[in-house]
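Trainee: Residue numbers (my numbering): 146 to 369. Think of the CB as a built atom: it goes at the ideal place given N, C-alpha and C, for glycine as much as any other residue.
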Amino acid sequence: NTRLLGQSVQNRPIYLAETDDRPELVLLFGRQHPPEVSGAIAMRSFVRTVLEESDLARQFRDRFKLAIIPLLNPDGVALGHWRHNVNGVDVNRDWGPFTQPETRAVMAWLEGVEATGTQLRLLLDFHSTLEDLFYTQPVEENPPDFASLWLGAAAQRLPDFPFKQSADPVNEQANAKNYFYVSRGIPAITYESGDETDREQLKHSAKVFAEEMMRLMLASPESR
146 NTRLLGQSVQ NRPIYLAETD DRPELVLLFG RQHPPEVSGA IAMRSFVRTV LEESDLARQF
206 RDRFKLAIIP LLNPDGVALG HWRHNVNGVD VNRDWGPFTQ PETRAVMAWL EGVEATGTQL
266 RLLLDFHSTL EDLFYTQPVE ENPPDFASLW LGAAAQRLPD FPFKQSADPV NEQANAKNYF
326 YVSRGIPAIT YESGDETDRE QLKHSAKVFA EEMMRLMLAS PESR
């Protein structure tokens, strides 16, 4: 299902695609930063994998609700901005302050979902940068060591796709990764795709990352 989540500063729609309601939620963001096209390519392949009719994907959706916000900064994309929305604010520095309609729309929806008893279990925020890189936390407890186990399993299947993990401690930056880790106690990971990475490699690796994410989340204890 697709719904209108909210509107940008210039009243462009922010859409949410979601699967059926479940007690546990996995949330995916895209295009907080307008020009990051390789991140959008990876996100599309990742999403297709978790929505396909494989046994793994069906089993995953039977347990987890998936929520996808592919274009979180529509004004910035439409106007060709580098990192900001039309107010000159970097949307990925507004998690916590919530000064912008884009981040407020996400939180209004999420808090409504959480009020029904659904628990957010994982956030993946898709971006682009100079290399293929995952920004994670040094310590994860729920589920334990998610990032290292996830990326390690994927690396075994991707010997020709070099990528890095940067396990950064929480800092004062008001990005999605910090906010959701601190406020929800979950793995919150910035998934960076290389600007110049071969597009077919991006798509194939995203499929592998999606499959290993699903396997690991299915192996985790159910939330109570």
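Does residue 193 come out as helix, strand or coil in the three-state DSSP assignment?
Mentor: Here residue 193 sits in helix by DSSP.
Trainee: Could you name the residues of the same chain whose beta carbon sits closer than 8 Å to that of residue 252, not counting the 5 residues immediately before and after it, in chain order?
Mentor: Within the same chain, residue 252 has close Cβ partners 243.
Trainee: Does DSSP put residue 329 in a helix, in a strand, or in coil?
Mentor: Note: residue 329 maps to helix in three-state DSSP.
Trainee: Can you grab the Cα-Cα spacing for the pair residue 355 / residue 298, in whole Å?
Mentor: Rounded to the nearest angstrom, the two C-alpha atoms are 11 Å apart.
Trainee: Beta carbon of residue 359, beta carbon of residue 202: below 8 Å?
Mentor: Yes, these two residues count as a Cβ contact at 8 Å.
Trainee: Just to confirm the assignment, what range does the alpha helix (DSSP H) spanning residue 249 have?
Mentor: That run of the alpha helix (DSSP H) goes 246-260.
Trainee: Check whether the Cβ atoms of residue 212 and residue 149 lie closer than 8 Å to each other.
Mentor: Cβ atoms of residue 212 and residue 149: not closer than 8 Å.
Trainee: At 4 residues or longer, what runs of the alpha helix (DSSP H) sit wholly inside the region 303-360?
Mentor: Runs of the alpha helix (DSSP H) inside the region 303-360: 321-329.
Trainee: When you compare only the Cα positions, how much space is there between residue 240 and residue 249?
Mentor: Whole-angstrom Cα-Cα distance: 9 Å.
Trainee: Should residue 333 be labelled buried (16 or more other beta-carbon atoms within 10 Å of its own) or exposed?
Mentor: With 16 or more other Cβ atoms within 10 Å, it is buried.
Trainee: What residue from 269, 217, 317 has the CA that sits closest to residue 180's CA?
Mentor: For residue 180, the nearest C-alpha among the options comes from 217.
Trainee: Confirm, please, whether the CB-CB distance from residue 177 to residue 220 is below 8 Å.
Mentor: The answer is no: Cβ separation not under 8 Å.
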